[in-house]
Amino acid sequence: MTDRLTVLITGATAGFGAALARAYAASGDRLVLIGRRTERLEALKAELGGEVHVVTLDVRDRAAVETAIAALPAPFDAVDVLINNAGLARGLNPAQSADLDDWDTMIDTNIKGVTYMARAVLPGMVARDRGHVINLGSVAGTYPYPGGNVYGGTKAFVHQFSLNLRADLLGSNVRVTCIEPGMAETEFSLVRFSGDDSRASKVYEGMTPMSADDIAGVIHWVTKMPRHVNVNTLELMPVMQAFNNFAIKRS
Ligand code: NDP
Ligand code: 8X3
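Following the UniProt record's numbering, the numbering of the sequence shown begins with 1 at its first residue and continues without gaps.
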């Protein structure tokens, strides 16, 4: 798609979502910005100018998602790009001591929220025979790490859900891409560690993480590819992150 797009971004109040809003505003696209923190959405709208519609919405609320998407005013209702970005990790405890409320929050946001949004937006895309769903997966959905239990599980779901959407949408011109980043410095670790700033900043100590702008630039590029090209999955990491060998407990 090279023409002007209507881009709906969930989780636009911070991190990747806010950077994406700035990237698409810079290319003259029309924006629908979603998040729970209204004051941040309004501040972003004031900063960006242009055609921006904001919706305060918790993506875990199925009825609210359905109502909000059905109520989008023209021309914001013809969504060309849905960026299912709202998501989070909560905690890094091993499974045997993890907080079940944290697990519920991750499952409800990263899995259910993504499916609610996709189900609400896809019929319009198929009817217009035009659209692109971008889902935010993670390297955590492919590579296990201690404490990644449910977070990684939710992102593995996002990966497979994205591929299965492609299977369902074959024959339409609706594209689906799963973006799978490694470490990027946003509010992600602050949220994971319940606002513990020093623990969050230690995650990125002594290395150069990716930035929200790095991720936004890649997603922007993927959505501006010629319409006959579908990037299925795209995994990216900072140069200073790689893989480890198998862990073995020896007696
Ligand atoms: P941030 O914490 O900086 O931003 C997360 C955004 O999600 C916020 O705007 C937040 O807005 C929104 N959000 C969270 N819960 C809800 C909800 N229930 N309803 C609506 N919006 C919600 O994190 P990132 O920008 O880093 O993360 C964005 C996505 O990228 C997530 O899916 C994350 O899992 C994924 N990711 C992040 C990586 C990283 O290293 N940073 C790497 C790989 C993937 P508000 O609180 O206002 O609702
Ligand atoms: C976020 C990347 O490595 O912290 O999805 O799980 S990681």
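Note that the Cβ used here is the ideal one computed from N, Cα and C, for glycine as well.
Under the 10 Å beta carbon count, residue 167 is surrounded by fewer than 16 other beta carbons and is classified as exposed. Closest in alpha carbon position to residue 191, among 25, 45, 128, 86, is 86.
Here residue 110 has 87, 154 as same chain residues with Cβ atoms under 6 Å from its own Cβ, once five neighbours each way along the sequence are excluded. Within the model, the alpha-carbon separation for residue 39 versus residue 55 is close to 11 Å. For a cut-off of 8 Å, the C-beta gap from residue 186 to residue 84 is around 16 Å, too long to register as a contact.
Residue nearest to residue 173 within the set 223, 196, 57 is 223 (criterion: CA-CA distance). When DSSP states are grouped into helix, strand and coil, residue 39 belongs to the helix group. DSSP places residue 135 in no alpha helix (DSSP H) but in the uninterrupted beta strand (DSSP E) bounded by 131 to 136. Look at which beta carbons fall closer than 5 Å to any heavy atom of the ligand 8X3; those residues are 138, 140.
Cβ-Cβ distances below 6 Å link residue 181 to 215, 236 in the same chain, with the five nearest sequence neighbours on each side left out; the list follows chain order. One alpha carbon belongs to residue 27, the other to residue 249, and they sit about 52 Å apart.
Residue environment analysis places residue 164 among the exposed positions, since fewer than 16 neighbouring C-beta atoms fall within 10 angstroms of its C-beta.
With the rule of 3 Cβ pairs closer than 8 Å, the stretch 39 to 53 does not count as touching the stretch 116 to 124. Annotated three-state conformation of residue 181 is strand, per DSSP. Here residue 209 is buried: its Cβ has 16 or more other Cβ atoms, across all protein chains shown, within 10 Å. By the criterion of at least three beta-carbon pairs nearer than 8 Å, the stretch 13 to 20 is in contact with the stretch 65 to 85.
No residue range can be given for residue 139, since it is assigned to no beta strand (DSSP E) and is classified by DSSP as neither H nor E. Sequence-distant partners of residue 105 (beyond 5 residues in either direction) whose C-beta falls short of 6 Å from its own C-beta, in its chain, are 90. Between residue 8 and residue 81, the CB-CB gap stays under 9 Å.
Membership of residue 54 in any alpha helix (DSSP H) is not indicated; the residue belongs instead to the beta strand (DSSP E) covering 52 to 56.
Shown here, residue 210 sits in a strand according to DSSP, grouped into three states. Burial state of residue 138 is buried, judged by a 10 Å Cβ sphere holding 16 or more other Cβ atoms.
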